[in-house]
Amino acid sequence: MKRLREFIYLDEVSVTSLLASILGAIPSEITEKLTNSTRSEASGSGEHKFVAGKVNAGIKREVTRTSDYQVLRKASIQATFKDLYASVESSLALRSGHLPELKPAVRRKIRNASPGGLDIAPWIFDSTELKRGQLLELQVELRADAIFRTSTIISSMTNIIGQSPALAAEIDTQEMRTAIELNGFIQELMAGLIPIKCQVLDYEISSIAGRDYIVHSSLFSELPLIYRRNRKPLHLVGVVEEALFWKDIRRVLFSSSPVKVLCRVGHDRVQDSWSPVKLVDVLKEVIPDMESAMDDFGPSALRALTGGMDDSRDVSQLRQAALIRYAELLIESQGLTMPEALRARITEIASARSSQLGSVIANRTIFREVTECVSDGISHRFASEDLGRLRGQALAQFGLMVDGSLSVRPENSSGRLDETVDGKFIDAEIVAIYW
């Protein structure tokens, strides 16, 4: 039976570029021509004798009928993808679906393997062999990254609020306004791109002797115990273009449907972390705490929609303690101990300014004041990336987000769209998503 594919996402440029690199020129049109010709002939002759001579006479008739027609068929992108898949199927580094039956000799090798001594592609694949440019086909649970899902929810709620003055008055808080402003900034950074983070369904990671092995899920029952003990989920991450989806993104990116993905490895090996908004890496040079702001955006924004701030704790005292701890971290980063005179000045600043914390812009100004006080006290200038890292560390230690608001409590999962990811990532360029 022929494979029936229902496309969800298809990058035409990637498909044609890959196929052209394999086959060369790709026909845009295919012409089929059929000619049908019939021929008939009739002839006759006669002879008549005269006295003076002989006369021969003959009749010959030929009829030819010719009919032809031609079919002009355009090579659509679906047909081009079919040709591409047929060309690369046998060379895929990782393949989706049921793998071929393992031979008895291979099964014995698996059962008797020493830790980290297996590399039987595509059942067991050493991640060090995962190279940029390789093609993979993986079965995944299709899911957009949490920051995109949160941004979509905030955008929808903003449109609803804009049409209802009564509802706007109910949730018109500083926290909500900050979330809307930050959401607009994030949408500009995404620029029509959608980050996806999908759990791979047919492969997992097993870390043995300091090396990561990509193992087919159906094989773990036959592997030594050490492979099962170090078993972790594998995730496929990447960025797709919203305009290239063949289905409404609200139907497919929020449903966690199982699909197949043909992708091309973007970075060697599996990765320990991944940034869903690529421009964050560039902006970190000028805004060191940008990554912390992105991480906190989801919980902070959804809490603003679902109940606001937790009043059971004195936020002002936590903010004051975070400012003092920030100064201590700056001193400790230089291997020094804070003098009492400097501690008194820092405490005075924290006491006077902690109540003004509450937005990313205000926080940066107040933390800069603490930084300048410490820098003058120990005659040292700090790098901007160190300042951002220590600022986030101080806030997190007291349960505060980058904007100075309280983080979501651990016992309350509302506001978090993604659980903490324990696993590894394959960062790839997405060619097609289908089922």
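Using the numbering used here, you'd call the opening residue of the sequence shown number 1 and step up by one each time. Virtual Cβ for every residue (Gly too), placed ideally from N, Cα, C.
With DSSP collapsed to three states, give me the class of D83. Stepping through the sequence shown from its first residue, residue 83 is reached at position 83. Correct three-state label for D83: helix.
C-beta atoms of E141 and Q187 nearer than 9 Å: Within the sequence shown, numbered from 1, the residue matching residue 141 stands at position 141. Within the sequence shown, numbered from 1, the residue matching residue 187 stands at position 187. No, the Cβ-Cβ distance between E141 and Q187 is not below 9 Å.
Spatial distance of W246 from N183 (CA atoms): Translated into the one-based positions of the sequence shown, residue 246 becomes position 246. Translated into the one-based positions of the sequence shown, residue 183 becomes position 183. Put simply, the backbone Cα of W246 is about 26 Å away from that of N183.
Closest to F454 by CA distance: which of I324, S333 and A341 is it? With the chain represented from 1 up to 435, any question about residue 454 goes unanswered, as that position is not in the structure.
Can you give the Cα-Cα distance for P104 and Y227, rounded to whole angstroms? For the purposes of this step, residue 104 is taken as the residue at position 104 of the sequence shown. For the purposes of this step, residue 227 is taken as the residue at position 227 of the sequence shown. Going by the C-alpha atoms only, they are around 20 Å apart.
Return helix, strand or coil for S90, following the three-state DSSP convention. In the sequence shown, the residue the question calls residue 90 occupies position 90. S90 falls in the helix class under three-state DSSP.
With DSSP as the reference, please indicate the residues paired to V374 in a beta bridge. Within the sequence shown, numbered from 1, the residue matching residue 374 stands at position 374. Answer by DSSP bridge pairing: none, since V374 is not bridged.
Neighbourhood of N412 by C-beta, 6 Å cutoff - its chain only, sequence neighbours within 5 removed: Counted from its first residue, the sequence shown places residue 412 at position 412. Low confidence applies here, because N412 scores a pLDDT of 40, under 50, leaving its location unreliable; read the following figure in that light. Cβ within range, chain order: n/a, list empty.
With C-beta atoms as the reference, is D202 less than 9 Å away from S316? Counting from one through the sequence shown, the residue named residue 202 turns up at place 202. Counting from one through the sequence shown, the residue named residue 316 turns up at place 316. For D202 and S316, no; Cβs fall outside 9 Å.
Look at the alpha carbon of S379 and the alpha carbon of A209, and state the distance between them as a whole number of angstroms. Along the sequence shown, one-based indexing puts residue 379 at 379. Along the sequence shown, one-based indexing puts residue 209 at 209. Across the structure, S379 and A209 are spaced so that their CA atoms are roughly 46 Å apart.
Run through DSSP, which three-state label would A191 get? As a working mapping, residue 191 is identified with position 191 in the sequence shown. Three-state result, A191: coil.
Indicate whether D83 and I430 have their beta-carbon atoms separated by less than 9 Å. Indexing the sequence shown from 1 puts residue 83 at position 83. Indexing the sequence shown from 1 puts residue 430 at position 430. No, Cβ-Cβ distance for D83 and I430 is not below 9 Å.
Less than 9 Å separating the beta-carbons of I26 and T16? As a working note, residue 26 is residue 26 in the sequence shown. As a working note, residue 16 is residue 16 in the sequence shown. Contact: yes.
Whole angstroms are fine: how far does the CA of L262 sit from the CA of K131? As a position in the sequence shown, residue 131 is number 131, starting the count at 1. As a position in the sequence shown, residue 262 is number 262, starting the count at 1. Going from the Cα of K131 to the Cα of L262 covers about 15 Å.
Work out the CA separation of R364 and G358 for me, nearest whole Å. Numbered from 1 along the sequence shown, position 358 holds the residue referred to as residue 358. Numbered from 1 along the sequence shown, position 364 holds the residue referred to as residue 364. Looking at the two C-alpha atoms, the distance is approximately 10 Å.
Using a Cβ distance threshold of 8 Å, determine whether the segment 136 to 152 contacts the segment 249 to 267, with at least three qualifying pairs required. yes
Just mark D272 as buried or exposed, buried being the case when its beta carbon has 16 or more other beta carbons within 10 Å. Taking the first residue of the sequence shown as 1, we reach residue 272 at position 272. Looking at its Cβ environment, which holds fewer than 16 other Cβ atoms inside 10 Å, D272 is exposed.
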